[in-house]
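Accompanying notes for the structure given below.
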Amino acid sequence: MKIAYITNVPVPEKSTTDAHFQELQLLKDTFGGDIISAFPFSKPNSLIPRSLYGMNNARELKRQAKSADLIHVFSPVYYPYRYLKHFRHNRLIYSTLTPVYNPTPYPSIDSFIVYDEKSKRLFEKKGVKNVHTSPPYVDFEKTLSDSPKKPFVLLMASAPWELPQFESKGIYLLLEALEQIPSLKIIFIWRNILADKMQEIIFESKFSDRIEFINENVNIVDYLHRCNAVILLAKYASLVKSYPHSLMEGLLAGKPVITTSAVPMSTYITKNNYGVVLNDFSTEVLVQEITSLIENYEEIRKNVQLLDPDSFSKQNFLSFYTTLYNITLK
2 MKIAYITNVP VPEKSTTDAH FQELQLLKDT FGGDIISAFP FSKPNSLIPR
52 SLYGMNNARE LKRQAKSADL IHVFSPVYYP YRYLKHFRHN RLIYSTLTPV
102 YNPTPYPSID SFIVYDEKSK RLFEKKGVKN VHTSPPYVDF EKTLSDSPKK
152 PFVLLMASAP WELPQFESKG IYLLLEALEQ IPSLKIIFIW RNILADKMQE
202 IIFESKFSDR IEFINENVNI VDYLHRCNAV ILLAKYASLV KSYPHSLMEG
252 LLAGKPVITT SAVPMSTYIT KNNYGVVLND FSTEVLVQEI TSLIENYEEI
302 RKNVQLLDPD SFSKQNFLSF YTTLYNITLK
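Following our numbering, the numbering of the sequence shown begins with 2 at its first residue and continues without gaps.
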């Protein structure tokens, strides 16, 4: 079985620290095949029209169409890329990493993969039967530790990759929360993109003494042990994966999490009382939810520490794709 994994995001400088590329590499290591990026440039940029994706390596995509038994396309959003025409005679799987709101089925696709149940139901309402929900996966073993008493430390490990995301990923909201909650400290884990901008923002803030900025390859476990909770804010669902790796890592480390209702994983968090969820993207609501978490911390932390260690396991993830690939190639 030869598989071509086509991704629509640029290859990161450190692929081992990128959630999506960790999954791609696991699939490649397990099933074999090639990873090809259809993104036209080496750096992320949301202004590039999706109609241009694949033009940079059309020859390679055509080669894969001739040689691969299976094409597996991964996209941050649901979009009918022009290059898909190369694969109209191939077995084709299409994975959308964020929620799908208007699922128009493409007839040449054998299986649609989503990461949340709401997207699956929307596909099914359109009469699509070959839609499946991928189990969430993170390469992280359950590891528990004590939490610091004071200050209350938040860990934020989902950095912006372009300037508008300083607003839409809640960086400015977090700085405003620091002003209103004197007992709060934040650790930011960065990935060497727009690091100078972030350092400038920290320097100009009044709270640099309560901010720790880490812009290097680190063992995330060390920082999870030092925090009380993990936070990931997203104004829009398309900004992050449906089940972000930093939130899954936080739960497996026994830490409550904070996120926004735009992130599908928020349903899972609320249902199990694993943290708090912002139903409005505002400083007022953020401060309310952080305060609520602080006040109810021990109860929520005890819930999180009972999490099944196999909740986001490699075994479940690979079992799903083994079955899917075998069925698709029949």
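For each residue, glycine too, the CB sits at the ideal point set by N, CA and C.
Sequence-distant residues of the same chain with beta carbon closer than 6 Å to residue i, five excluded per side
{"i": "Phe167", "result": "Pro161"}
{"i": "Ile232", "result": "Leu155, Met157, Ile259"}
{"i": "Ser146", "result": "His226"}
{"i": "Gly276", "result": "Pro257, Val258, Ile259, Ile270"}
{"i": "Phe313", "result": "Pro137, Tyr138, Val139, Met249"}
Cβ neighbours of residue i in the same chain (closer than 8 Å, five flanking residues each side left out)
{"i": "Arg211", "result": "Pro152, Leu179, Leu185, Lys186, Ile187"}
{"i": "Arg92", "result": "Asp70, Leu71, Ile72, Asp111, Thr329, Leu330"}
{"i": "Lys121", "result": "Val115, Val132, His133, Thr134"}
Endpoints, the alpha helix (DSSP H) within which residue i is located
{"i": "Ala66", "result": "59–68"}
{"i": "Tyr6", "result": "First-last for Tyr6: 4–8, but that is the beta strand (DSSP E), not the alpha helix (DSSP H)."}
{"i": "Ser267", "result": "266–273"}
{"i": "Ile301", "result": "298–306"}
{"i": "Val222", "result": "221–227"}
{"i": "Arg122", "result": "118–126"}
{"i": "Phe214", "result": "Note, Phe214: premise wrong, no alpha helix (DSSP H); beta strand (DSSP E) at 212–215."}
{"i": "Met199", "result": "196–205"}
{"i": "Ser1", "result": "This structure does not reach residue 1, given that the chain is present from 2 up to 331, and the question cannot be answered."}
With 16 other Cβ atoms within 10 Å as the buried cut-off, status of residue i
{"i": "Asn229", "result": "buried"}
{"i": "Ala39", "result": "buried"}
{"i": "Leu62", "result": "buried"}
{"i": "Val219", "result": "exposed"}
{"i": "His90", "result": "exposed"}
{"i": "Met56", "result": "exposed"}
{"i": "Ala20", "result": "buried"}
{"i": "Leu48", "result": "exposed"}
{"i": "Phe5", "result": "The sequence shown places Ala at residue 5, not Phe. So Ala5 counts as buried."}
{"i": "Glu24", "result": "buried"}
{"i": "Phe318", "result": "buried"}
{"i": "Asp281", "result": "exposed"}
Three-state class that DSSP yields for residue i in the structure shown
{"i": "Ile188", "result": "strand"}
{"i": "Val288", "result": "helix"}
{"i": "Tyr237", "result": "coil"}
{"i": "His133", "result": "strand"}
{"i": "Glu142", "result": "coil"}
{"i": "Leu175", "result": "helix"}
{"i": "Tyr95", "result": "strand"}
{"i": "Ser314", "result": "coil"}
{"i": "Asp19", "result": "coil"}
{"i": "Leu279", "result": "strand"}
{"i": "Ile182", "result": "coil"}
{"i": "Ile37", "result": "strand"}
{"i": "Ile232", "result": "strand"}
{"i": "Ser169", "result": "helix"}
{"i": "Ser209", "result": "helix"}
Cβ neighbours of residue i in the same chain (closer than 7 Å, five flanking residues each side left out)
{"i": "Ser239", "result": "Pro77, Val78, Thr99"}
{"i": "Asn273", "result": "Asn304"}
{"i": "Thr271", "result": "Val278"}
{"i": "Arg83", "result": "Ser52, Gly55"}
{"i": "Glu14", "result": "Asn193"}
{"i": "Glu296", "result": "none"}
Limits of the beta strand (DSSP E) - the one that residue i falls within
{"i": "Arg83", "result": "Element bounds for Arg83: n/a, residue is neither H nor E."}
{"i": "Phe113", "result": "112–115"}
{"i": "Ser76", "result": "71–76"}
{"i": "Thr260", "result": "258–261"}
{"i": "Met157", "result": "153–157"}
{"i": "Ala160", "result": "Element bounds for Ala160: n/a, residue is neither H nor E."}
Cβ distance (whole Å) where residue i is taken to contact residue j below 8 Å
{"i": "Gln306", "j": "Gly255", "result": "4 Å"}
{"i": "Ile7", "j": "Phe75", "result": "7 Å"}
{"i": "Leu123", "j": "Pro108", "result": "Not confirmed; about 18 Å, so no contact."}
{"i": "Lys127", "j": "Pro106", "result": "6 Å"}
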